[in-house]
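Visitor: When we follow my numbering, the leftmost residue of the sequence shown carries the number 630, and every step to the right adds one.
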Amino acid sequence: MPAVRDWTEAERDQWQQWWESPQAAMWDESFIPTVAVMLTYFGKILDGTATSTHQMEFRHLAGALGLTAEGMKRLGWAFEGDAQ
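#1: Can you give the Cα-Cα distance for L668 and Q646, rounded to whole angstroms?
#2: Quick one: using the 10 Å Cβ neighbour count with 16 as the cut-off for buried, is V633 buried or exposed?
#3: Three or more C-beta pairs under 8 Å: does that hold for the stretch 669 to 676 against the stretch 693 to 702?
#4: Compare the C-alpha of T637 against each of E686, F671 and A654 and name the closest.
#5: Taking C-beta to C-beta, are P662 and F708 nearer than 8 Å?
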């Protein structure tokens, strides 16, 4: 995790989950800042300080990183065994 600030336990757990996801196999180190920004929005959503813009950006980044079904479809990704 980037050492730019103190991360909460929930944020550290989420970081690990995202980087252990099947989608993360498509990311390299250049994705670290993007995932960190998404994690910042995630923390704001959890603690109730997220604005509608934060929530919108979180959804956008989740899709762009292939962490949503719509994002996976747009990127042309499928899990092994998924119907084509």
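For every residue, glycine included, the Cβ atom is placed at its ideal position computed from N, Cα and C.
Guide: Straight from the coordinates:
#1: The residue given as residue 668 occupies position 39 in the sequence shown. The residue given as residue 646 occupies position 17 in the sequence shown. Going by the C-alpha atoms only, they are around 11 Å apart.
#2: Stepping through the sequence shown from its first residue, residue 633 is reached at position 4. Exposed.
#3: Fewer than three beta-carbon pairs drawn from the stretch 669 to 676 and the stretch 693 to 702 are found closer than 8 Å, and the two stretches are therefore not classed as touching.
#4: Here the question's residue 637 lines up with position 8 in the sequence shown. Looking at the Cα atoms, F671 is the closest of the given residues.
#5: The residue given as residue 662 occupies position 33 in the sequence shown. The residue given as residue 708 occupies position 79 in the sequence shown. Not closer than 8 Å, so no.
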